[in-house]
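A.B. asks:
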Amino acid sequence: DTGVSQDPRHKITKRGQNVTFRCDPISEHNRLYWYRQTLGQGPEFLTYFQNEAQLEKSRLLSDRFSAERPKGSFSTLEIQRTEQGDSAMYLCASSPNWGGSHEQYFGPGTRLTVT
Amino acid sequence: AQTVTQSQPEMSVQEAETVTLSCTYDTSESDYYLFWYKQPPSRQMILVIRQEAYKQQNATENRFSVNFQKAAKSFSLKISDSQLGDAAMYFCAYRSGDTGNQFYFGTGTSLTVIP
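Line by line, the protein sequences are chains S and A. Residue numbering for the first sequence follows my numbering, beginning at 1252 and increasing consecutively. Residue numbering for the second sequence follows my numbering, beginning at 16 and increasing consecutively.
Written as structure tokens, this is what we have:
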């Protein structure tokens, strides 16, 4: 396992459609995070999982957004009824829950374009 | 919420020279962690350097070092002997030591290295 992977890397969708992104964290990392990054901005926190439990959600995560991590391994982020304002890079990160390591390891992101 | 400010949207440096990127943050906490991440064009973010707030000694990683001024809430990154591969977007990030799961990112500094 060489790092966090995300799929797809790019997604173009029409307004109103649903989209789902997948994140595979680094093996043995039981913490997983989703961020959104728009042009010219730093990543903004969306949600956090420890194992399969979703422990934190940002107010940015509207009711059109849902995230899951059913078996504590990979995670999915779904956006329903997409809007043009959802266009952004969606980043996934993972970190271990041991050893005093506090950094997060980021994936390459999924770039969403809503037309 | 904590805020992280990067006041330099763009910086440039001649190859082999030294450049310093600025970052300030606002927090009332005493226990926290600070990070610099590098995001090359179309590539994933990677950790450059981290600093624990309880440590007085400034962190150093090869050509990268920080100037951590806790009282001033300042955390600048110095890149020595700049290389073409250092060209990227640099993000400063804050993580709480107590409740910290999410990172708070600045808006980034785009670094250009001039050959």
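For every residue, glycine included, the Cβ atom is placed at its ideal position computed from N, Cα and C.
Return no unless some Cβ of chain S is closer than 8 Å to the Cβ of M60(A).
C.D. replies: Yes, M60(A) lies at the interface with chain S (some Cβ there is under 8 Å from its Cβ).
A.B. asks: Is it a yes or a no for the segment 29-42 of chain A touching the segment 94-114 of chain A, going by three-plus beta-carbon pairs under 8 Å?
C.D. replies: The segment 29-42 of chain A, when compared against the segment 94-114 of chain A, does touch it at the 8 Å Cβ threshold.
A.B. asks: Checking contacts by CB at 8 Å: is Y69(A) closer than that to chain S?
C.D. replies: So no, Y69(A) is outside the interface.
A.B. asks: Under 8 Å: do the segment 1320-1329 of chain S and the segment 1263-1276 of chain S share three or more Cβ pairs, one atom per stretch?
C.D. replies: At 8 Å Cβ cutoff, the stretches touch.
A.B. asks: Which residue's Cα is closest to the Cα of F1316(S): P1347(S), E1334(S) and Q1301(S)?
C.D. replies: Of the candidates P1347(S), E1334(S) and Q1301(S), the one whose C-alpha sits nearest the C-alpha of F1316(S) is E1334(S).
A.B. asks: I'd like the list of long-range same chain contacts for Q1331(S), defined as Cβ closer than 6 Å, with 5 residues on each side in sequence excluded.
C.D. replies: If we look at Q1331(S) and ignore the five residues flanking it on each side, its Cβ neighbours are N1269 and R1315.
A.B. asks: Do E1307(S) and Q17(A) have their C-beta atoms closer together than 8 Å?
C.D. replies: No. Outside cutoff.
A.B. asks: Output the distance between the C-alpha atoms of N82(A) and S37(A), rounded to the nearest integer angstrom.
C.D. replies: Approximately 9 Å between the Cα atoms of the pair.
A.B. asks: DSSP state of Q21(A), grouped into three classes?
C.D. replies: Three-state result, Q21(A): coil.
A.B. asks: Would you mind telling me which residues of chain A sit closer than 8 Å to G1358(S), beta carbon to beta carbon, in chain order?
C.D. replies: Correct list: Q59.
A.B. asks: Would you report the Cα separation of F1296(S) and S125(A), rounded to the nearest angstrom?
C.D. replies: When rounded, the distance between both Cα atoms is 21 Å.
A.B. asks: Once DSSP output is grouped into helix, strand and coil, what is the label at Q1331(S)?
C.D. replies: Coil at Q1331(S), not helix or strand.
A.B. asks: Between which two residues does the beta strand (DSSP E) carrying A108(A) extend?
C.D. replies: From DSSP, the beta strand (DSSP E) with A108(A) extends over A103 to S111.
A.B. asks: So F1325(S) and M60(A) are supposed to be a Cβ contact under 8 Å. How far apart are they, rounded?
C.D. replies: About 20 Å separates the two Cβ atoms, so there is no contact after all.
A.B. asks: Expressed to the nearest angstrom, what Euclidean distance is found between the alpha-carbon atoms of G1254(S) and S43(A)?
C.D. replies: So the two alpha carbons sit approximately 34 Å from each other.
A.B. asks: Just by C-beta distance, which residues in the segment 72-97 of chain A are closer than 7 Å to chain S?
C.D. replies: Per Cβ criterion, the list is empty.
A.B. asks: Checking 8 Å against the spacing of the C-beta atoms, do F79(A) and R65(A) come in under that value?
C.D. replies: No; because the gap between Cβ atoms is not below 8 Å, this pair is not in contact.
A.B. asks: Shorter than 8 Å from the beta carbon of G121(A) to some beta carbon of chain S?
C.D. replies: Yes, its Cβ sits closer than 8 Å to a Cβ of chain S.
A.B. asks: Measure the C-alpha to C-alpha separation of D46(A) and L1283(S) and round it to an integer number of angstroms.
C.D. replies: Cα to Cα, D46(A) sits roughly 22 Å from L1283(S).
A.B. asks: I need the straight-line Cα distance from T20(A) to L92(A), nearest angstrom please.
C.D. replies: Distance between the alpha carbons of T20(A) and L92(A): 13 Å.
A.B. asks: Secondary structure at L99(A), three-state DSSP: helix, strand or coil?
C.D. replies: Residue state, collapsed to three classes: helix.
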